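The structure under discussion appears below in the form of structure tokens.
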């Protein structure tokens, strides 16, 4: 189910052109699904991109859901109404939220030189984000079966398309918050925060 929220929280900050932001989100979402064990290894293939071996989920309803979400997100980014994109990992049995990965896109719409600068910095930015997702040693292992959802926080008055629902924010009850150092570059920034709950 696609979801829309109007609020704010901890952030993973992504600054750049719309195409770069969407590409970062695609690989980051897939990385979370693999490395946090939402789906098993055999449901992914590896794509060589930006000098990294990056996981992408095999063709499935999950892949369709991610792609359709990114298509809708592109329209919202063009209208500059996106505040946050949140990947929520939940217990499959009772639906309580275990982890909450929060991205905050910063899109440079009016800078004609941004694409050239981003091309030069893209490898480092994507590498920094993915390494933080793949190797956060403080996150407890997820032993339970989990599911995920993608929430999009938008500004008041933004048009909500058919098929999207307003939902609650999936707060992590009694959770911990940690910030992982990402990349700070002259023209864009990647900061990474995650809210999580130790299930032990």
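Residue numbers (the numbering used here): 47 to 246.
Note that the Cβ used here is the ideal one computed from N, Cα and C, for glycine as well.
From a predicted model like this one, the values you see are computed outputs, not experimental measurements.
Residue 99: member of the beta strand (DSSP E) spanning 98-103, first to last residue. Within a 10 Å sphere around the beta-carbon of residue 100 sit 16 or more other beta-carbons, which makes this residue buried. For residue 94 and residue 102, the gap between their C-alpha atoms comes out near 10 Å. By the Cβ test, the stretch 112-120 is not in contact with the stretch 82-90, since fewer than three Cβ pairs between them sit closer than 8 Å.
In this structure, the CA atom of residue 204 is about 7 Å from the CA atom of residue 127. Counting along the chain, the unbroken beta strand (DSSP E) around residue 195 starts and ends at 192-200. Listed as beta-bridge partners of residue 95 by DSSP are 98. The closest CA to that of residue 64, considering only 212, 81, 188 and 120, is found on 120. Rounded to the nearest angstrom, the Cβ distance from residue 131 to residue 71 is 6 Å, consistent with a contact under 8 Å.
Secondary structure of residue 120 (DSSP, three-state): helix. Sequence-distant Cβ neighbours of residue 79 in its own chain, meaning closer than 6 Å and more than five residues away, are 85. Under the criterion of beta carbons closer than 8 Å, residue 194 and residue 240 do not qualify as touching, at roughly 13 Å.
Under the three-state reduction of DSSP, residue 133 is assigned to strand.
In the displayed model, residue 110 falls within a helix according to three-state DSSP.
Looking at 141, 152 and 139, the one whose alpha-carbon comes closest to that of residue 125 is 152. In the structure shown, residue 145 adopts extended strand secondary structure according to DSSP, grouped into three states.
Put simply, the backbone Cα of residue 187 is about 11 Å away from that of residue 145. DSSP places residue 139 outside any beta strand (DSSP E), giving it a letter other than H or E. Look at residue 84 here: in three-state DSSP terms it is coil, with no helix or strand label. By the neighbour-count criterion, in which a residue is buried when 16 or more other Cβ atoms sit within 10 angstroms of its Cβ, residue 142 is exposed.
Residue 128 is bridged by DSSP to 200.
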